[in-house]
Structure formats: structure tokens, C-alpha cells
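*Asks:* Sharing a structure with you now.
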Amino acid sequence: RKEVEQDPGPFNVPEGATVAFNCTYSNSASQSFFWYRQDCRKEPKLLMSVYSSGNEDGRFTAQLNRASQYISLLIRDSKLSDSATYLCVVNTGTASKLTFGTGTRLQVTL
Amino acid sequence: DTEVTQTPKHLVMGMTNKKSLKCEQHMGHRAMYWYKQKAKKPPELMFVYSYEKLSINESVPSRFSPECPNSSLLNLHLHALQPEDSALYLCASSPGTEYEQYFGPGTRLTVT
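Going down the list, the sequences are from chains A and B.
At position 11 of the first sequence (counting the first as 1) the number is 11 in this note's numbering, and the numbers step up by one without a gap.
So the mapping is simple: this note's numbering equals the position in the second sequence, first residue as 1, plus 1000.
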């Protein structure tokens, strides 16, 4: 089983749609969780950290379920500019390094 | 300002060349990282520096040699690379190793 698993997609959605991505992680000792977005041929950019209580930033909502070991990202009112690859990233704490999922590709269309 | 800078943006080198990649951050972050990313794959960790000391080497071949001259700078020295080493090399920094990382724009390396 991979340490961090994501559905690679692509998810093709129309503008204005709501889309959700899930990510599962295998190490129950994982401490920190993040979503990054990466545009083609660019660096990953931090989208948001994910907290146990869940957190929201504008149209983006992230949730963590420690019991089931999964993280979710919800994007409301999708924009064309949301088209990117979304990377689920987990810090196991013990190794002090980030483990990246393979990414979920989102394409928002007119 | 969450900015990490990297130079050069692009680099083409032969298999016998020696070159260096540079990374700089002025956010006071104490951890810095080198990653390698191939097309359509996630970044792969190469090295971690924490408080200017190498803390993780992910079994990277010795033709890649990292150096951390001070808390703001990170170099990656390249020598005798292979064509399969062609990739995007990303530098990142974080306040500490347990926190979120901020990536530089990367150096796109082509080995001929």
C-alpha cells in the first residue's frame, strides 16, 4: 500500500461546479497534512494546511479524518483558474519529511 | 514574504561538466530541502538540511553533492550526471522540518 494515495483523475468539471478530492494515508503516526496545487511546469504552491477541526479558506475547505486516515479537499464554485494538479502531502513526524501523493488533476471547463 | 529563489532557471550540461544549482531564502527558515521532479510525477525528496546540517540523504548518488553555506543558502553541486538525471530540481524551505514547505520555482536541468 502506498503511503499517500490519491485518485489521479482527471476530474473534468464545468465552471461553477463543486468538486471534492480525497486522499488516504497509511501511517497512523502522521502529524501534519497539507494540500498543494501545482500548475504545469511550475513549482508546488501551498494551498492550505489541514487541521483536525477542519478549515476553510474562501471557496476551499479541507477536512481530516484521523480515524479513517483520510484527508479531503472541497472546491466550491470552480473557476477556470483552479485547473491544476492537487497534491495531498503528509508529514509523518518521525522522519520529518513530507510524503507526496501522486496528485489529482483537475480541469475546469466553460 | 514566502519567497524561495533558485538559479539558474534552466541548465543544459554535458555528462562531463560540473555545475551548481543555487537556492536562497530570507524567511528565517531553519530547514531547507532539495527535490527532484520528473514529468507527471510528484517531487522526490533528495536531501534535508536542518539548522545547516544534513539530516536526511535519501540514498542519492554521489554525483549530487549538497552544501549549506549558511542558514539562507543551499547549493547542489552536480558532476558526471547521466541523461536520466534530467528533471526539474526544486528547492524548498520551512520554519522547521515539521511545518509546511515553500518551494522555489525550480531549475529545469537537461543532461546531454
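All C-beta atoms in this analysis are idealised placements derived from N, C-alpha and C, irrespective of residue type, glycine included.
Between B/Gln-1101 and chain A, is there a C-beta pair that is closer than 8 Å?
*Replies:* With 8 Å as the cut-off, B/Gln-1101 counts as an interface residue toward chain A.
*Asks:* If distances are taken between C-alpha atoms only, which option among A/Tyr-86, A/Leu-74, A/Thr-92 and A/Arg-76 comes closest to A/Arg-37?
*Replies:* When each option's Cα is compared against that of A/Arg-37, the closest is A/Tyr-86.
*Asks:* For B/Pro-1043, does the count of other Cβ atoms within 10 angstroms reach 16, so buried, or fall short, so exposed?
*Replies:* Burial call: buried.
*Asks:* Using only the alpha-carbon positions, how far apart do A/Leu-73 and B/Phe-1047 sit?
*Replies:* Each residue's alpha carbon lies about 29 Å from the other.
*Asks:* Using DSSP bridges, identify the partner residues of A/Arg-41.
*Replies:* Paired residues: none, contrary to the question.
*Asks:* I'd like to confirm the pairing. Which residues does DSSP put opposite B/Leu-1073 in its beta bridges?
*Replies:* B/Glu-1024 and B/Asn-1070, per the DSSP bridge assignment.
*Asks:* Assuming B/Lys-1019 and B/Met-1013 form a contact by the criterion Cβ under 8 Å, report the distance between their Cβ atoms to the nearest whole angstrom.
*Replies:* With a Cβ gap of about 5 Å, B/Lys-1019 and B/Met-1013 count as contacting.
*Asks:* List the DSSP bridge partners of B/Glu-1044.
*Replies:* B/Glu-1044 pairs with B/Lys-1036.
*Asks:* Residues in its own chain within less than 7 Å of B/Phe-1064 by CB, not counting five upstream and five downstream?
*Replies:* Cβ neighbours of B/Phe-1064 beyond the five flanking positions: Met-1046, Leu-1076 and Leu-1078.
*Asks:* In this structure, how does DSSP classify A/Asp-7 when only helix, strand and coil are distinguished?
*Replies:* Note: A/Asp-7 maps to coil in three-state DSSP.
*Asks:* Would you list the one or two residues that DSSP bridges to B/Tyr-1102?
*Replies:* DSSP, once it has assigned bridges, lists B/Ser-1093 as partnering B/Tyr-1102.
*Asks:* Alpha carbon to alpha carbon, how far is B/His-1029 from B/Ser-1093? Give it in angstroms, no decimals.
*Replies:* In a straight line, the C-alpha of B/Ser-1093 is about 6 Å away from that of B/His-1029.
*Asks:* For the candidate residues B/Gln-1006, B/His-1010 and B/Thr-1016, whose alpha-carbon lies nearest to that of B/Gln-1082?
*Replies:* Out of B/Gln-1006, B/His-1010 and B/Thr-1016, B/Thr-1016 has the C-alpha closest to the C-alpha of B/Gln-1082.
*Asks:* Any heavy atom of the ligand PLP within a distance shorter than 7 Å of the CB on B/Tyr-1033?
*Replies:* The model depicted lacks the ligand PLP and carries no ligand whatsoever.
*Asks:* Closer than 6 Å by C-beta to A/Arg-105: which residues in its own chain qualify, once you throw out the five before and the five after it? Chain order, please.
*Replies:* Answer for A/Arg-105: Gly-9, Pro-10 and Thr-85, listed in chain order.
*Asks:* Note down, in chain order, every chain B residue with its Cβ under 9 Å from the Cβ of A/Gln-31.
*Replies:* Per Cβ cutoff of 9 Å: Glu-1098.
*Asks:* Taking the beta strand (DSSP E) that A/Ala-62 belongs to, which residues open and close that run?
*Replies:* Its beta strand (DSSP E) spans residues 60–65.
*Asks:* Is there at least one Cβ from chain B nearer than 8 Å to A/Phe-34's Cβ?
*Replies:* A/Phe-34 counts as touching chain B.
*Asks:* Applying the criterion that 16 or more other CB atoms from any shown protein chain within 10 Å of the CB defines a buried residue, is B/Lys-1038 buried or exposed?
*Replies:* B/Lys-1038 comes out exposed.
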